[in-house]
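Taking it in order: structure first as structure tokens, then the write-up.
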Ligand SMILES: Cc1ncc(COP(=O)(O)O)c(C=O)c1O
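Numbering (the working numbering), first residue to last: 2 to 364.
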């Protein structure tokens with residue numbers, strides 16, 4: 002039996018909620034989406050939440066609402082999922098890659114300022130793997146330079162920064178409900194905001210630029226969430242705290258029990274509540290195996306792993322920035338040394354102990 006890296010948890014309540022929507026005849030966007038938006042805004046403590054069909058469209062819509070377009074520059078961390086940067090390119094704007102902090106894997110605020118030019122319009126910080134980035138520092142830089150701040154919270158539903166939920170600190174928070182996330186709708190996304198002026202704009206952008214039936218005042222997209230997805234999201238939202246608690250407990254167990262020379266376990270920073278979308282270890286030169294060998298070894302022992310992410314975004318063929326010196330050396334180093342272990346809420350005590358035992362036997 003293989004221990005999977007992710008395990009979507011769908012119970013009878015989700016099945017019943019979807020079934021009720023299917024029987025209602027409203028399969029597209031209706032009351033369930035509105036209810037999910039209100040409940041999600043409540044979770045994040047924001048005045049508004051606008052549901053989308055995925056996390057990438059949430060980011061794209063937020064950038065468009067902020068009027069980011071051709072030639073504008075947006076600072077993004079290079080160590081993230083591609084969508085953090087590709088959403089900028091989708092607007093015709095230019096992602097400017099910033100390096101990350103070696104301990105938290107999150108955007109390094111000290112390096113943001115040196116990348117600001119007269120063309121800079123926004124900064125996207127990512128709460129990578131479920132750990133909030135240093136929001137306070139980034140917020141201060143954005144305020145000083147009059148920049149839009151976007152939180153890419155695709156991996157951090159319910160995470161806390163200074164006792165407050167992520168998603169409400171920047172001008173926009175953008176979430177994903179993809180099937181492996183901490184809470185899921187299959188595919189789905191959400192933009193959270195406290196900016197009332199942005200709400201109508203966002204609603205138009207995600208619905209063909211429509212202001213009334215068949216009247217279109219701007220270029221828009223079909224980025225709408227369905228009631229089917231929202232029905233799942235409403236049930237999942239009620240379980241989020243429990244899911245996150247389990248993830249944190251599993252991570253704590255690994256932190257205490259993985260005792261292997263040459264492996265660095267994740268560090269939770271002061272003042273944050275990490276929700277461990279991924280539990281990411283790092284191999285140092287002291288570790289006696291190559292990463293590929295460790296992956297194969299764990300695989301033969303029935304433990305699935307994943308690499309998040311094998312290439313920093315600036316080195317992706319799509320951007321192909323091979324400047325010398327490397328503008329994001331930490332991101333490049335992390336990409337070649339990180340490994341994600343299963344941390345999902347379905348792991349039981351025996352599996353947690355087994356994973357630690359197998360790893361600890363390497364040296
Ligand atoms: C950090 C980050 N940003 C954005 C996204 C995009 O979300 P989606 O896959 O729902 O489009 C993801 C999804 O994996 C992500 O991890």
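All C-beta atoms in this analysis are idealised placements derived from N, C-alpha and C, irrespective of residue type, glycine included.
Every value quoted in this text rests on a predicted model; they were computed, and no experiment measured them.
Next on the checklist: Applying the 10 Å Cβ sphere with the 16-neighbour rule, what's the burial state of residue 367?
Outcome noted: Since the displayed the chain opens at 2 and closes at 364, residue 367 lies outside it and no answer follows.
| Just the Cα atoms here: how many angstroms apart are residue 15 and residue 25? | 15 Å
Q. Residue 19 to residue 282, Cα distance in whole Å?
A. 37 Å
Does any heavy atom of ligand 1 sit closer than 8 Å to the C-beta of residue 189?
yes
| task | Identify whether residue 263 lies in helix, strand or coil by the three-state DSSP scheme. | result | coil
Suppose you measure from the CA of residue 183 to the CA of residue 74; what does that come to, to the nearest Å? 31 Å
query = Quick one: Cα of residue 222 to Cα of residue 211, how far?
reply = 10 Å
Using 8 Å as the cut-off, can you tell me whether the stretch 197-205 makes contact with the stretch 141-150, which would need three or more C-beta pairs spanning the two stretches below that distance? no
Exercise for review: Take residue 331 and list the residues in its own chain whose beta-carbon comes closer than 7 Å to its own, dropping the five residues that flank it on each side.
Suggested key: 100, 101 and 103
Exercise. Tell me whether residue 326 is buried or exposed, calling it buried when 16 or more other Cβ atoms sit within 10 Å of its Cβ.
Key: exposed
- Message: At the level of alpha carbons, what is the spacing between residue 8 and residue 350?
- Response: 16 Å
Notebook entry, point to check: According to the Cβ coordinates, are residue 59 and residue 175 closer than 9 Å?
Noted result: yes
| Can at least three beta-carbon pairs, one atom from the stretch 304-323 and one from the stretch 76-84, be found at a separation below 8 Å? | yes
For residue 331: DSSP bridge partner residues: In the DSSP output, where bridge partners are listed per residue, residue 331 has none listed.
Beta-carbon separation (whole angstroms), residue 156 vs residue 139, contact threshold 8 Å | Actually they are not in contact, since the Cβ atoms of residue 156 and residue 139 sit about 17 Å apart, beyond 8 Å.
Report all residues from its chain with a CB closer than 6 Å to the CB of residue 78; omit the five preceding and five following residues, and keep chain order.
-> 99, 101, 108 and 127
ask   = So residue 228 and residue 362 are in contact, right, with Cβ under 8 Å, and what is the actual spacing, rounded?
value = Going by Cβ atoms, the distance from residue 228 to residue 362 rounds to 50 Å, so no, they are not a contact pair.
**Prompt:** Where in the stretch 209-276 do unbroken runs of the beta strand (DSSP E), each at least 3 residues long, occur, reported from the N-terminal end onward?
**Reply:** 211-213
### Task
Within the same chain, show all residues whose beta-carbon is closer than 6 Å to that of residue 136, passing over the 5 residues directly before and after it, in chain order.
162 and 170
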